[in-house]
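**Q**
There are 2 protein chains.
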Amino acid sequence: MKVAILGLGSVGRGVVSMLAKKDLGIVVTGIADSRGGVMDQAGIDIQAVLEQKTKTGCCGDPTIRGEEIVRNGDYDVLVEVTPTDIRTGEPALTSIRTALSRGKHVVTSNKGPLALHYTELMHLAAENGVQLRYEATVCGAIPIIQTLQHGLAGNEVLAVYGILNGTCNYILTRMADEGLTYDQALAEAREMGYAEADPTFDVKGIDTALKLVILANTIWKNGITLRDVECTGIDLLTAEALTLAGSQNCTIRLIGEVIPGRKLLRVSPRILPKKHPLVVRDTLNAVTVVTDMAGAITQVGKGAGSVETASAVIGDLLFIRDCHVEGD
Amino acid sequence: MKVAILGLGSVGRGVVSMLAKKDLGIVVTGIADSRGGVMDQAGIDIQAVLEQKTKTGCCGDPTIRGEEIVRNGDYDVLVEVTPTDIRTGEPALTSIRTALSRGKHVVTSNKGPLALHYTELMHLAAENGVQLRYEATVCGAIPIIQTLQHGLAGNEVLAVYGILNGTCNYILTRMADEGLTYDQALAEAREMGYAEADPTFDVKGIDTALKLVILANTIWKNGITLRDVECTGIDLLTAEALTLAGSQNCTIRLIGEVIPGRKLLRVSPRILPKKHPLVVRDTLNAVTVVTDMAGAITQVGKGAGSVETASAVIGDLLFIRDCHVEGD
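Protein sequences, first through last, are from chains A and B. Counting along the first sequence from 1, when you hit position 221 you're at 221 in the UniProt record's numbering, and nothing is skipped either side. Counting along the second sequence from 1, when you hit position 197 you're at 197 in the UniProt record's numbering, and nothing is skipped either side.
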């Protein structure tokens with residue numbers, strides 16, 4: 001199976017490193033970052049590309065653009081792992097549309113296109129007889145999308161609750177454990193590399209909301225977008241609120257929830273008993289799916305990280321290699 | 001898709017009830033219990049069969065045997081949900097072999113045939129271009145088999161740890177919470193319907209060991225059998241042991257573990273911190289898979305129950321309906 005990879009940030013580097021290390025029968029025929037690219041039908045020397053990226057900041061020839069690889073490259077699956085743009089979904093959106101229209105499968109970790117145009121993109125994939133897979137967009141290494149699509153198939157999903165953002169969870173864990181203020185905990189999260197220089201996207205709950213939109217569309221396929229989500233972040237929480245919760249054997253977590261019966265999609269800080277199954281520590285993610293037959297199924301694992309997210313991307317690639325979904 | 005169902009105990013009744021209730025495009029053309037059966041190519045009236053079973057103890061015509069349905073029935077998938085026999089795997093083993101040899105898919109909740117003859121049966125399925133699926137054999141409603149086969153595909157599995165038996169977990173929870181002796185807690189578990197009249201299979205760890213064998217074969221496909229498992233049950237645990245663990249903020253759980261690097265398959269009562277992710281309560285199951293890329297992924301949910309196990313069976317049926325696995 002031939003793959004082309006767009007994006008050579010943390011996720012992209014994780015994916016190509018693991019593909020180089022593991023003998024999965026997957027050949028990389030194209031790689032591009034924002035500054036250039038490389039194509040080779042016989043298979044790219046991944047080690048050489050990574051070294052060049054480290055030395056020069058660009059992974060290949062500046063005249064070879066990602067768009068060209070998407071349009072003309074020789075690949076079976078496009079792996080789209082560029083950064084998320086939540087306003088336009090670009091340039092990932094165009095790349096994904098182009099690849100699907102060419103009859104190529106797509107695997108992505110990019111939340112933008114799916115949160116904005118889920119229904120259109122899934123139809124485009126079905127029309128062209130290919131799969132669009134996106135396990136890496138939600139909860140990193142936790143296979144929550146496959147669980148919803150296949151593991152719990154046949155169940156009616158009554159609710160989904162989750163801790164879907166590791167940055168917020170780290171900040172809240174530190175505030176509770178050490179009595180830190182929000183600003184102190186955020187500064188520590190930045191030092192640890194868990195928070196961006198501009199943390200808005202995480203701490204305002206937007207990242208969690210995007211993931212909720214993707215989960216809700218996976219379950220109900222009904223064109224939900226970011227506008228349908230009530231969203232409150234953690235940036236106004238005080239150290240006192242956490243101390244008060246702690247004194248009652250509780251703590252505070254940023255919870256995303258989808259409850260179809262109440263037409264509710266909400267991101268908000270919630271008080272939970274310390275023993276609650278969703279109360280995980282540090283950067284962990286946790287998600288509970290409540291269904292009519294299976295009851296409540298909770299999954300806990302690493303929600304981010306280069307190799308952890310690569311696990312989700314590679315799981316999708318192998319699903320495409322091994323399983324032909326009806327309608328492909 | 002046409003299915004024939006062998007076994008109309010707790011799991012079988014759950015499956016047929018849910019198939020009757022949900023519009024999944026699945027037609028039941030044969031049902032048999034140990035005393036008789038019914039066949040109808042046009043689709044069986046499930047409500048009538050369930051009523052007859054309740055009234056007479058037999059689901060249909062005593063002259064129609066399960067064997068005949070398996071050999072001559074008109075079905076795409078055999079749903080084999082009869083009780084487990086760990087010595088011979090029969091009669092399920094013969095039913096599964098016959099169906100696979102006829103080029104029919106098989107979905108089973110029966111641990112016997114898989115724990116005894118995993119490799120042979122999977123080869124037989126592959127040779128005949130069909131799927132043999134068995135999500136319901138391990139951890140009830142938790143989709144752990146799909147997680148290992150697909151969700152974490154591409155990962156090297158470094159270890160699996162789990163609470164795989166709800167009966168033992170209920171007994172241990174009650175001993176720890178209320179200071180009960182093993183005999184008191186077992187009596188309570190029987191009253192609640194969580195333990196059989198003869199609880200040996202559960203409390204000696206045999207049920208957990210069978211599930212470990214199935215997990216190990218799913219991961220390593222290397223012909224592991226029950227003889228490869230070191231097994232200690234919970235029947236010799238004293239109330240004092242649980243009290244002592246409790247005094248150190250720990251508790252005791254029956255843990256099944258597979259660690260390939262140490263060639264270890266073991267079932268044994270283990271002391272765990274109360275905050276450990278595997279320390280779940282009552283009849284819940286929990287399983288952690290540790291891998292090279294995804295890190296540790298823990299899943300928690302109901303490990304038994306009629307409708308919960310039906311969830312796993314129906315998930316398998318829909319996987320067969322929707323996904324064609326390479327090599328089918």
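For each residue, glycine too, the CB sits at the ideal point set by N, CA and C.
Indicate the three-state DSSP secondary structure (helix, strand or coil) for Gly303(A) in the structure shown.
**A** Counting from one through the first sequence, the residue named residue 303(A) turns up at place 303. Note: Gly303(A) maps to coil in three-state DSSP.
**Q** Using 8 angstroms as the threshold, is the C-beta distance between Ala92(A) and Thr108(A) below it?
**A** As a position in the first sequence, residue 92(A) is number 92, starting the count at 1. As a position in the first sequence, residue 108(A) is number 108, starting the count at 1. Yes, the pair counts as a contact, with Cβ atoms nearer than the cut-off.
**Q** Which one of Leu164(B), Ala241(B), Gln184(B), Gly233(B) has the shortest CA to CA distance from Leu212(B)?
**A** Sequence index remark: in the second sequence, residue 212(B) carries index 212 (1-based). Ranking the options by Cα distance to Leu212(B), first place goes to Leu164(B).
**Q** Check for me: the beta strand (DSSP E) holding Asp111(B) runs from which residue to which?
**A** One-based indexing of the second sequence puts residue 111(B) at position 111. The question names Asp, but residue 111(B) is Lys in the sequence shown. From DSSP, Lys111(B) is part of no beta strand (DSSP E) but of the alpha helix (DSSP H) over 111 to 127.
**Q** Round the Cβ separation of Leu24(A) and Gly295(B) to the nearest angstrom and send it over; I've been treating them as touching at under 8 angstroms.
**A** Indexing the first sequence from 1 puts residue 24(A) at position 24. Indexing the second sequence from 1 puts residue 295(B) at position 295. With 8 angstroms as the limit, Leu24(A) and Gly295(B) do not qualify as a contact, their Cβ atoms being about 19 angstroms apart.
**Q** Give the residues from the region 292 to 306 of chain B that approach chain A closer than 9 angstroms (Cβ to any Cβ), ordered along the chain.
**A** Taking 9 angstroms as the Cβ-Cβ cut-off against chain A, the residues of the region 292 to 306 of chain B that qualify are Asp292, Met293, Ala294, Gly295, Ala296, Ile297, Thr298, Gln299, Val300, Gly301, Lys302, Gly305.
**Q** So, is the C-beta of Leu100(B) closer than 8 angstroms to a C-beta in chain A?
**A** In the second sequence, residue 100(B) corresponds to position 100, counting from 1. Taking Cβ atoms only, chain A never reaches closer than 8 angstroms to Leu100(B), which makes this a no.
**Q** Out of curiosity, what's the CA-to-CA distance linking Ala187(A) and Asp282(A)?
**A** On the first sequence, position 187 is the one that residue 187(A) refers to. On the first sequence, position 282 is the one that residue 282(A) refers to. If you take the alpha carbons of Ala187(A) and Asp282(A), they lie about 15 angstroms apart.
**Q** If we count Cβ pairs, one from each stretch, closer than 8 angstroms, do we get three or more for the region 53 to 68 of chain B versus the region 22 to 39 of chain B?
**A** Judged by Cβ distances under 8 angstroms, the region 53 to 68 of chain B makes contact with the region 22 to 39 of chain B, as three or more pairs qualify.
**Q** For the alpha helix (DSSP H) that contains Ile64(B), what are its first and last residues?
**A** The residue given as residue 64(B) occupies position 64 in the second sequence. No alpha helix (DSSP H) holds Ile64(B); DSSP gives it neither H nor E.
**Q** Which residue marks the beginning of the beta strand (DSSP E) containing Lys263(B), and which one marks its end?
**A** Here the question's residue 263(B) lines up with position 263 in the second sequence. From DSSP, Lys263(B) is part of no beta strand (DSSP E); its letter is neither H nor E.
**Q** Give every residue of the same chain whose Cβ lies closer than 8 angstroms to the Cβ of Gln52(B), excluding the five residues on either side of it in the sequence, and list them in chain order.
**A** Numbered from 1 along the second sequence, position 52 holds the residue referred to as residue 52(B). Counting only Cβ-Cβ distances below 8 angstroms, and skipping sequence neighbours, we find Cys58, Cys59, Gly60.
**Q** For Asn155(B) and chain A, any beta-carbon pair shorter than 8 angstroms?
**A** Position 155 of the second sequence, counted from the start, is the residue given in the question as residue 155(B). Output row for Asn155(B): interface = yes.
**Q** Classify Ala197(A): buried if its beta carbon has 16 or more other beta carbons within 10 angstroms, exposed otherwise.
**A** Within the first sequence, numbered from 1, the residue matching residue 197(A) stands at position 197. Per the 10 Å Cβ criterion, exposed.
**Q** Only counting the same chain, and skipping five residues up and downstream in sequence, which positions put a Cβ closer than 6 angstroms to that of Ser311(B)?
**A** Taking the first residue of the second sequence as 1, we reach residue 311(B) at position 311. Closer than 6 angstroms at Cβ, skipping near neighbours: Ala141.
**Q** Going by C-alpha distance, which of Ala241(B), Val16(B), Val289(B), His276(B) is nearest Val157(B)?
**A** Position 157 of the second sequence holds residue 157(B). That would be Val289(B), whose Cα lies nearest to the Cα of Val157(B).
**Q** If the criterion is Cβ atoms closer than 8 angstroms, does the pair Val77(A) and Lys104(A) meet it?
**A** Taking the first residue of the first sequence as 1, we reach residue 77(A) at position 77. Taking the first residue of the first sequence as 1, we reach residue 104(A) at position 104. Against a cut-off of 8 angstroms, the Cβ pair of Lys104(A) and Val77(A) comes out as a contact.
**Q** What are the residues of the region 81 to 99 of chain B that lie near chain A, defined by any Cβ-Cβ distance shorter than 7 angstroms?
**A** Listed by position along the chain: nothing, the set is empty.
**Q** Closer than 6 angstroms by C-beta to Ile259(A): which residues in its own chain qualify, once you throw out the five before and the five after it? Chain order, please.
**A** For the purposes of this step, residue 259(A) is taken as the residue at position 259 of the first sequence. Closer than 6 angstroms at the Cβ level, and outside the excluded window around Ile259(A), lie Ala159.
**Q** Go ahead and label Thr251(B) buried or exposed: buried means 16 or more other beta carbons lie within 10 angstroms of its beta carbon, across all protein chains shown.
**A** As a first step, residue 251(B) must be located in the second sequence, where it is residue number 251. Flag for Thr251(B) reads buried.
**Q** Grab the span of the beta strand (DSSP E) containing Gly162(A) for me, first residue to last.
**A** Taking the first sequence and counting its residues from 1, one reaches residue 162(A) at position 162. 157 to 163 is the span of the beta strand (DSSP E), which, as asked, contains Gly162(A).
**Q** Provide the residue(s) that pair with Met39(A) in DSSP beta bridges, ordered along the chain.
**A** As a working note, residue 39(A) is residue 39 in the first sequence. In DSSP, Met39(A) forms a bridge with Gly30(A).
**Q** Can His324(B) and His324(A) be called in contact, C-beta distance under 8 angstroms?
**A** By 1-based counting over the second sequence, the position of residue 324(B) is 324. By 1-based counting over the first sequence, the position of residue 324(A) is 324. Cβ atoms of His324(B) and His324(A): closer than 8 angstroms.
**Q** CB-CB under 7 angstroms to Leu272(B), same chain, minus the five flanking residues each way: which ones, in chain order?
**A** The residue you call residue 272(B) lines up with position 272 of the second sequence. Hits under 7 angstroms: Cys250, Thr251, Arg253, Leu278, Val279.
**Q** How big is the Cα-Cα spacing for Ile69(A) and Ala32(A)?
**A** As a working note, residue 69(A) is residue 69 in the first sequence. As a working note, residue 32(A) is residue 32 in the first sequence. So the two alpha carbons sit approximately 8 angstroms from each other.
**Q** Need the endpoints of the beta strand (DSSP E) that Ala197(B) sits in, please.
**A** For the purposes of this step, residue 197(B) is identified with residue 197 of the second sequence, where counting begins at 1. No beta strand (DSSP E) holds Ala197(B); DSSP gives it neither H nor E.
**Q** Relative to the C-alpha of Gly162(B), which residue among Arg227(B), Gln146(B), Thr137(B), Ile255(B) is closest?
**A** In the second sequence, counting from the first residue as 1, residue 162(B) sits at position 162. When only C-alpha atoms are compared, the closest one is Ile255(B).
**Q** For Arg190(A), would you say it is in contact with chain B, using Cβ-to-Cβ distances shorter than 8 angstroms as the test?
**A** What you label residue 190(A) is simply residue 190 of the first sequence in a count that begins at 1. Not one chain B Cβ lies under 8 angstroms of Arg190(A).
**Q** Counting Cβ pairs, one atom from each stretch, are 3 or more of them under 8 angstroms apart for the region 225 to 241 of chain A and the region 128 to 139 of chain A?
**A** Segments in contact, no.
**Q** Inspect the CB distances between the region 126 to 133 of chain B and the region 205 to 224 of chain B and report whether three or more fall short of 8 angstroms.
**A** Segments in contact, no.
**Q** Are Leu121(B) and Ile96(B) close, meaning C-beta to C-beta below 8 angstroms?
**A** Position 121 of the second sequence, counting from 1, holds the residue named residue 121(B). Position 96 of the second sequence, counting from 1, holds the residue named residue 96(B). Cβ distance < 8 angstroms, so Leu121(B) and Ile96(B) count as in contact.
**Q** How would you write the range of the alpha helix (DSSP H) that Val49(A) sits in, first residue to last?
**A** On the first sequence, residue 49(A) is found 49 positions in, with the first residue counted as 1. 46 to 56 is the span of the alpha helix (DSSP H), which, as asked, contains Val49(A).
**Q** Under 8 angstroms Cβ-Cβ, which residues of chain B neighbour Cys250(A)?
**A** Within the first sequence, numbered from 1, the residue matching residue 250(A) stands at position 250. The contacting residues do not exist; Cys250(A) stays about 15 angstroms from chain B at best.
**Q** Kindly indicate the opening and closing residues of the beta strand (DSSP E) around Thr291(A).
**A** As a working mapping, residue 291(A) is identified with position 291 in the first sequence. Taken as a continuous stretch (DSSP letters only), the beta strand (DSSP E) holding Thr291(A) covers 284 to 291.
**Q** So what does DSSP say about Lys2(A), is it helix, strand or coil?
**A** Taking the first sequence and counting its residues from 1, one reaches residue 2(A) at position 2. Reduced to three states, the DSSP call for Lys2(A) is strand.
**Q** Under 7 angstroms Cβ to Cβ from Val28(A), same chain only, skipping five residues before and after it: list those, please.
**A** Residue numbering aside, residue 28(A) sits at position 28 when the first sequence is read from its first letter. Closer than 7 angstroms at the Cβ level, and outside the excluded window around Val28(A), lie Val3, Ile5, Val16, Leu19, Gly43, Ile44, Ile46.
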